[in-house]
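Residue numbers (this note's numbering): 857 to 1159.
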Amino acid sequence: MEQLPKPHAILWFPDGSVILKTDSYLFRVHKSILSRESSVFKDMFAFPVNEDDRANEYDGLPVVPLLGDDEKDVIQLLRMLYKPTFGALKLSLLRMPCVVGLFKLSNKYHFSGVDAAFQKELKVVFPQSRAAFGKPQGASVRRSLFTHDNLLPLLPVVQATGKTKLFPSLLYCCSQYSINAILAEDLPPETKELLLAGREKVKLSIHDAFAHQVDYHHLGMGVCKRNPRCRTSACFAEFDTKCQTQIESKPGHGEEFFTMKEFDEVQTSTPPCDDCKEGVKKILSAVRDQVWDLLPEIFELNM
Ligand SMILES: [Zn+2]
857 MEQLPKPHAI LWFPDGSVIL KTDSYLFRVH KSILSRESSV FKDMFAFPVN
907 EDDRANEYDG LPVVPLLGDD EKDVIQLLRM LYKPTFGALK LSLLRMPCVV
957 GLFKLSNKYH FSGVDAAFQK ELKVVFPQSR AAFGKPQGAS VRRSLFTHDN
1007 LLPLLPVVQA TGKTKLFPSL LYCCSQYSIN AILAEDLPPE TKELLLAGRE
1057 KVKLSIHDAF AHQVDYHHLG MGVCKRNPRC RTSACFAEFD TKCQTQIESK
1107 PGHGEEFFTM KEFDEVQTST PPCDDCKEGV KKILSAVRDQ VWDLLPEIFE
1157 LNM
């Protein structure tokens, strides 16, 4: 026999005015709170209850079945709504294991406060400037998304909000997964195509930029005037090789190229002499800026 949903232990307020129903739970909550936070619920409650719906009542209260919504996401969302300080909490939404489900729900029912908190956080974690991308706070949240396997699933949810344009670095991070991981993910075919094509274009742009430096330095200053063992072209060639040979079975956090310390500090097996090092550093930084600026075009966000 099918198990009937039962009242939830915490989200059951005796003075609640509406019952939300999932597969195994009933939540007795308040129309006023749902209406305040969500325009979808506000509109829903604005209509008078018709006679057919009366058959669905529980304890004399209207029952709203939440069709197709994941139960644990619903619980998380409701608990947040009943903690009015959630927006001010230092707690990061993007660090939550259930972030994708939560974002989906807030988008579906237009929970404006939760939505605003999401947008604010996304802007910090997937910023538009490379300098901001290198900040440790965002990097640690990206790593957490990656660890919980939430990075790729987050993309279609952001796409559904129509605001992908603001987050080229999210697309970049997603494109740095292995080809197999992208293919295996439950994503719309056009998103997979975009990521796989973008992945190749990123690699190619890096290669073009480095190959140019290798040529230039090989021709112009193959032998450093100050130190015969200093070979800047070999240094650029090594960085290029590093970027082109990603290990397929072990995807990174998708940020190595733009934030890696080895680049910042010019750590190579053929280091340039101290006199040339600062120049190389500047060029490495310029190459990374150049590729960063190409991201919107690579991921077709300019249309
Ligand atoms: Zn030198």
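Just so it is clear, CB atoms sit at the ideal spot from N, CA and C, and this is done for glycine as well.
Quick caveat, the model's predicted, so the values are computed rather than measured.
May I have the straight-line CA-CA distance separating residue i from residue j, to the nearest angstrom?
i: S1141; j: E893; result: 44 angstroms
i: G1110; j: D899; result: With a pLDDT of 49 at G1110, under the threshold of 50, the predicted position of this residue should be treated as unreliable, though the coordinate-derived value follows. Taking the straight line from one Cα to the other gives about 41 angstroms.
i: L1022; j: H1063; result: 26 angstroms
i: P861; j: D926; result: 14 angstroms
i: E913; j: V919; result: 6 angstroms
i: F959; j: D1145; result: 31 angstroms
i: E1049; j: L1039; result: 9 angstroms
i: V956; j: L1010; result: 6 angstroms
i: S1105; j: Q1123; result: Confidence at S1105 is low in this model, with a pLDDT of 46, below 50, so the placement of that residue should be treated as unreliable; the coordinate-derived value is given next. Taking the straight line joining both Cα atoms gives about 25 angstroms.
i: L1060; j: L1026; result: 19 angstroms
When DSSP labels each residue in this structure, what does residue i get in the three-state scheme?
i: L1050; result: helix
i: L860; result: coil
i: K877; result: strand
i: V1122; result: coil
i: R1085; result: coil
i: G1110; result: Low per-residue confidence applies at G1110: pLDDT is 49, beneath 50, and the placement is therefore not dependable enough to give any value.
i: F959; result: helix
i: F869; result: coil
For residue i, does the count of other Cβ atoms within 10 angstroms reach 16, so buried, or fall short, so exposed?
i: H1068; result: exposed
i: G1164; result: Look at the range of the chain in this structure, 857 to 1159, and you will see that residue 1164 is not part of it.
i: T1097; result: exposed
i: A972; result: exposed
i: Q859; result: exposed
Is residue i near ligand 1, with its Cβ less than 7 angstroms from a heavy atom?
i: P1128; result: yes
i: N1006; result: no
i: C1086; result: yes
i: C1132; result: yes
i: C1091; result: no
i: C1080; result: yes
Does the Cβ of residue i lie closer than 7 angstroms to at least one heavy atom of ligand 3?
i: N1083; result: Within the structure as shown, ligand 3 is missing, the only ligands being ligand 1.
Say whether the segment 1085 to 1096 touches the segment 1128 to 1148, bearing in mind that this needs 3 or more beta-carbon pairs closer than 8 angstroms, one atom from each stretch. Contact between the segment 1085 to 1096 and the segment 1128 to 1148 is present, because at least three Cβ pairs lie under 8 angstroms.
Per the contact definition of three or more C-beta pairs closer than 8 angstroms, is the segment 1033 to 1040 in contact with the segment 1111 to 1122? The segment 1111 to 1122 vs the segment 1033 to 1040: no contact.
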